[in-house]
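Each remark here refers to the structure printed beneath this line.
Residue numbers (the working numbering): 10 to 147.
Right under this line is the structure:
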């Protein structure tokens, strides 16, 4: 008897996943429109105050410049993700999906870029592979 479930001979179909922000278009829902009208106009989330000095002592100037750029990209991406989440549950939902902000900042820069899906071809990740957000070696 032949095995018909041989995974080597059966080509697997490719799967694509699409993320949608809302299930209902806000323009088509009266309740969502009413909720949006009640909210204040400016809901921007400020990045957590960085306790990191502008220039970390002991680092090479090239590393310092790349580290500043990487910090800006990480902060920008964290703010983008936080702004896309519901206001009352931002921290909790972010930590469930990505881990805490402090944990991400303690990762190596390359790992943080991978976890947050940051694509920055102009950033020299070879220089930053052993350094975290704060400039400490990992």
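In this text, a Cβ means the ideal position worked out from N, Cα and C, and glycines have one as well.
Query                                                                                        : Result
Collapsed DSSP secondary structure at residue 133 in the structure displayed                 : coil
Reduced DSSP category for residue 147 - H, G, I as helix; E, B as strand; rest coil          : coil
Where residue 21 falls, given that 16 or more other Cβ within 10 Å makes a residue buried    : exposed
Member of 131, 147, 95, 104 whose CA lies at the smallest distance from the CA of residue 79 : 131
Separation of residue 44 from residue 33, as counted between CA atoms                        : 14 Å
Helix, strand or coil at residue 45 [DSSP, three-state]                                      : helix
Straight-line gap, residue 138 to residue 119 (C-alpha atoms, nearest Å)                     : 6 Å
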